[in-house]
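*Asks:* Dropping the structure in here first, questions after.
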């Protein structure tokens, strides 16, 4: 029992130390957003991404995604459903979450719903730089749930 607790703590600590890299592929609201960097951003550390001019909802989604991925006890690709469930509980409930494992071409197929038409839309990768394993996240808002006014103070 003591050994099991130690192993679980050690595995979580190892995952927290993973070389997590992120790349924003696209980000939009009702209009395009200027994040102070070209998009796609190219591979950046999560810390480097935090230095960009990101909207609060974008920053929250990326931080929550990184936290959830780091909490997985094994390769995140094996836990996509669990990642989606945990992430949904940490972000705005109006946002739909689509996650897939990135393949050797550096992408994977995601099919947003027919009404998820880029009201708030974020497409990004989280990659473990030490293993090249990763996930693609597409976070999108259904048109029926979109607000016509800013939902945060950083407009």
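In our numbering, the protein residues as written are 209 to 363. Each residue gets a CB set at the ideal place from its N, CA and C atoms; glycine is no exception. Just so it is clear, the structure is predicted and the values come from calculations on it, not from any experiment.
1) May I ask which residues mark the beginning and end of the alpha helix (DSSP H) holding residue 235?
2) Please report the straight-line C-alpha distance between residue 281 and residue 298, rounded to a whole angstrom.
3) Is the beta carbon of residue 230 closer than 7 Å to that of residue 264?
4) Ordered along the chain, which non-local residues of its own chain (more than five positions away) have a Cβ less than 6 Å from that of residue 212?
5) Tell me whether residue 299 sits in a helix, a strand or coil according to DSSP, three-state version.
6) Using 8 Å for Cβ pairs, my map puts residue 228 next to residue 331. What's the rounded Cβ distance?
7) Report the residue ranges of all beta strand (DSSP E) runs contained in full by the stretch 256-317; include only those spanning at least 3 residues, in chain order.
8) With distances taken between CB atoms, is the gap from residue 294 to residue 310 smaller than 7 Å?
9) If we call anything under 7 Å between Cβ atoms a contact, is residue 304 one with residue 324?
10) Residues in its own chain within less than 8 Å of residue 296 by CB, not counting five upstream and five downstream?
11) Would you kindly check if the distance between the Cβ of residue 348 and the Cβ of residue 329 is under 7 Å?
12) Residues in its own chain within less than 7 Å of residue 260 by CB, not counting five upstream and five downstream?
13) Look at the alpha carbon of residue 216 and the alpha carbon of residue 284, and state the distance between them as a whole number of angstroms.
14) For the beta strand (DSSP E) containing residue 335, name the first residue and the last one.
*Replies:* The short version:
1) First-last for residue 235: 228-236, but that is the beta strand (DSSP E), not the alpha helix (DSSP H).
2) Approximately 19 Å, taken between the alpha carbons.
3) Cβ distance not < 7 Å, so residue 264 and residue 230 don't count as in contact.
4) Legend: pLDDT at residue 212 = 44, less than 50; position of this residue unreliable, value from coordinates given subsequently. Within the same chain, residue 212 has no close Cβ partners at all.
5) Residue 299 falls in the coil class under three-state DSSP.
6) Between residue 228 and residue 331, the beta carbon gap of about 17 Å keeps them out of contact (Cβ cut-off 8 Å).
7) Taking only runs of at least 3 residues, the beta strand (DSSP E) segments lying wholly in the stretch 256-317 are 303-309.
8) Not closer than 7 Å, so no.
9) Contact check for residue 304 against residue 324 passes: the beta carbons are separated by less than 7 Å.
10) Closer than 8 Å at the Cβ level, and outside the excluded window around residue 296, lie 305.
11) In this structure, residue 348 lies closer than 7 Å to residue 329 by Cβ.
12) Non-local C-beta neighbours of residue 260 in its own chain, meaning closer than 7 Å and more than five positions away in sequence, comprise 243, 244 and 245, ordered along the chain.
13) Interpretation of residue 216 is limited by its pLDDT of 43, a score under 50 that renders its predicted location unreliable; the figure taken from the coordinates is listed afterwards. Residue 216 and residue 284: Cα-Cα distance of roughly 16 Å.
14) Run containing residue 335: 329-336, per the beta strand (DSSP E) assignment.
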